[in-house]
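> Can you read through this structure? Questions will come right after.
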Amino acid sequence: MRLYFDAEKFLKHDDGSLQKRIFNDRKLTNPKHVFALVYSTTKYKEYIQQIIQKSKIQRDLKPKISNELLALLVHDLVFSPRGRIESGKHPIKEAVLAHKTRLQAEFIKLKLKYKVKSVDQLPTKENDDETPVRWFRINTVKIDPERFFKKHPFFATLQPVNRFQDLAEPGFIYADDYVPNLYGIHPKEKLSSTEAYTLGEVIIQDRASCFPAHILNHQREHAKVIDACAAPGNKTSHAASYSPADSGSVVYAVERDQKRVNILRTMSEKALGKSKKKLIQVLHNDFTKIDPQDFADVTGLIVDPSCSGSGIFGRASDEEESNDQRLEKLASFQVIIMKHALSFPGARKVVYSTCSIHAEENERVVIDLLSDQRVQDQGWRLASREEVLPTWPRRGLEPEFVALSRDAEVCKQLAGGCVRSNPKEDGGIGFFAACFVKEAKAGANRVEEEAEEAEGGEKLEDGEDGEDEEEWTGFG
Ligand code: SAM
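Okay, here's the thing in structure tokens:
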């Protein structure tokens, strides 16, 4: 019973890191074992309590023992893979074993209630925060995808499945239907200990978070790109992988936070290696302070600003996150940063994204931008569904666009131009992306023209620029 008495005190007092407290306790003979027991008992605590209560074991138990000790014993008897209480004969062990049938009957009822076959399928706080799929992309800046599977046989041994929902256990791999060179595997697969990961030849990145770079540049038409809110740099390095094979290609990665700039630099160096290191240029700056005229040759931008993060597991239910005032503040910052991105004279495509599920930060930001006179005058429109991952089924929220048009068809079109991903259900985090496009003016060098305007050149009055108006098909 020594193991259980040792574990009991750690279950009773839960101040500070469990791991540190257990491994720093010199009196323990088997800290590893104690840690595993306390950790797993804590994980299934709610269910263990349900079983103890329903079986009414405490009423009949003699000798009386603490709730914690009972939870540990019930854990081992019912929840552990071995299904038995460790240690030799002991009156406490015998007392609990006398109620084994009752406890097991309650456990069967619990499994039926939650419609699960085994303990590890029970929903816990821990797996609430876990991604259902581990997504990774082959870093094509460093390795050719075909060579990748030859060089790293572990990945070639995984059995392909057609849907990410079929990744029920390790041993399988799903090649994504939407983003090239992106794969899904079971989260328990030991990806981060592979050589491919250490070498930066694979990059772990949620599927939906790969949408912006793909939407922006899958046709590789943008040699100069800005990632306006770049750290830690997932979208930056993904954008770099779409750069045209042109020695002048560059992704400017802008980040205003000093600490995050350091992470961004490290991530970028690892993703590029020495030979391609010029493909990403990190700029430690506030994006809104950057003069667009200094980047007149930039044609594509990714804007993935700070947001509530409500699409990230475990955060959506947090009431504070959806606090109206906070969302309002975030949304106005998101609009400001987007307006700045849309003012770059050479920009033809700007992809906006968040890992939020709230319309305030998503469709309503798009609506604010589409309603803005200056944005309209600049010739921006929301890209259509055909231009933005057309086969991805989950699109923007149609009713939101009623704020722009009462025509249901127009709302459908605008919502169709947006992409949404629901947390878990779509295989990863909750996400939103929308793309703004502007056609180059036929027969005119728009970059030079806009530069002139900005320098005080002749500015067309509203409505004078017929061509721009015609281009404006964002809403009716
Ligand atoms: N795109 C990143 C990725 O995929 O790895 C995640 C970006 S994170 C959601 C937002 C980042 O924008 C934060 O690192 C934040 O410090 C930065 N940021 C916020 N406001 C900024 C600004 N005005 N200029 C530059 N960076 C900004």
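Residue numbers (the numbering used here): 75 to 550.
Cβ atoms here follow ideal geometry from the backbone N, Cα and C, with glycine treated the same way.
Ligand 1 and C381: does the residue's C-beta get closer than 7 Å to at least one heavy atom of that ligand?
Within the cutoff, so yes.
> Could you give the first and the last residue of the continuous beta strand (DSSP E) run that contains Y426?
Looking at the DSSP string, the run of the beta strand (DSSP E) that includes Y426 is K423 to T428.
> Please report how far the alpha carbon of V152 lies from the alpha carbon of S140, in whole angstroms.
So the two alpha carbons sit approximately 18 Å from each other.
> Less than 8 Å separating the beta-carbons of K486 and E472?
Against a cut-off of 8 Å, the Cβ pair of E472 and K486 comes out as a contact.
> Tell me, to the nearest whole angstrom, how far the beta carbon of V208 is from that of P261; I am working on the premise that it is less than 8 Å.
Just to set this straight, residue 208 is Arg in the shown sequence, not Val. Contact holds; Cβ gap of about 5 Å.
> Can you find the residues in the same chain that come closer than 6 Å, C-beta to C-beta, to G307, ignoring five residues on each side of it along the sequence?
Closer than 6 Å at Cβ, skipping near neighbours: L338, M341 and S342.
> Can you tell me whether DSSP reads H358 as helix, strand or coil?
Strand at H358.
> In the structure shown, what three-state DSSP assignment does Q450 receive?
Looking at Q450 - three-state DSSP - the assignment turns out to be helix.
> Can you give the Cα-Cα distance for F210 and V409, rounded to whole angstroms?
So the two alpha carbons sit approximately 31 Å from each other.
> Is E329 near ligand 1, going by C-beta to nearest heavy atom under 7 Å?
Result yes, Cβ under 7 Å from ligand 1.
> Give the C-beta separation of I277 and S311 to the nearest angstrom, bearing in mind that I take them to be a contact with Cβ-Cβ under 8 Å.
I277 to S311, Cβ: 6 Å. Contact.
> Out of V372, H226 and R281, which has the shortest C-alpha to C-alpha gap to A297?
If we check each option's Cα against that of A297, V372 comes out closest.
> Between the alpha carbons of I386 and Q233, how many angstroms are there, rounded?
Between I386 and Q233, the C-alpha separation is close to 29 Å.
> Starting from S140, follow the alpha helix (DSSP H) in both directions and report where the run begins and ends.
Per DSSP, S140 belongs to no alpha helix (DSSP H) and is neither H nor E.
> Have a look at L177 and S267 and give me their C-alpha separation to the nearest angstrom.
Going from the Cα of L177 to the Cα of S267 covers about 40 Å.
> Helix, strand or coil: which one does DSSP assign to S458?
Of the three classes helix, strand and coil, the one that applies to S458 here is coil, per DSSP.
> With 16 as the cutoff for other CB atoms within 10 Å, does L186 come out buried or exposed?
By the neighbour-count rule (16 or more Cβ atoms within 10 Å), L186 is not buried but exposed.
> Starting from D301, follow its DSSP beta bridges and name the residues at the other end.
Partner(s): A327 and I376.
> Have a look at R330 and S427 and give me their C-alpha separation to the nearest angstrom.
Distance between the alpha carbons of R330 and S427 is about 18 Å.
> Let me confirm a value: F418 is counted as buried when at least 16 other C-beta atoms fall within 10 Å, else exposed. Which label applies?
Counting Cβ neighbours within 10 Å, F418 comes out buried, since at least 16 surround it.
> On a Cα-Cα basis, can you pick out the residue from A242, V215, L102 and A405 that is closest to A314?
If we check each option's Cα against that of A314, V215 comes out closest.
> Beta-carbon within less than 8 Å of Y113's beta-carbon, same chain only, minus the 5 sequence neighbours each way: which residues are those?
Closer than 8 Å at Cβ, skipping near neighbours: L92.
> Please find out if some non-hydrogen atom of ligand 1 comes closer than 7 Å to the beta-carbon of G307.
Checking every heavy atom of ligand 1 against the Cβ of G307, one is found closer than 7 Å.
> Tell me the DSSP secondary structure of G258 in three-state form.
Reduced to three states, the DSSP call for G258 is strand.
> In whole angstroms, give me the CA-to-CA distance for G455 and P254.
Contrary to the premise, residue 455 reads as Arg rather than Gly in this sequence. Taking the straight line joining both Cα atoms gives about 27 Å.
> Among L444, F505, Y252 and G453, which one has its Cα closest to the Cα of L488?
The residue with the shortest Cα to Cα distance from L488 is L444.
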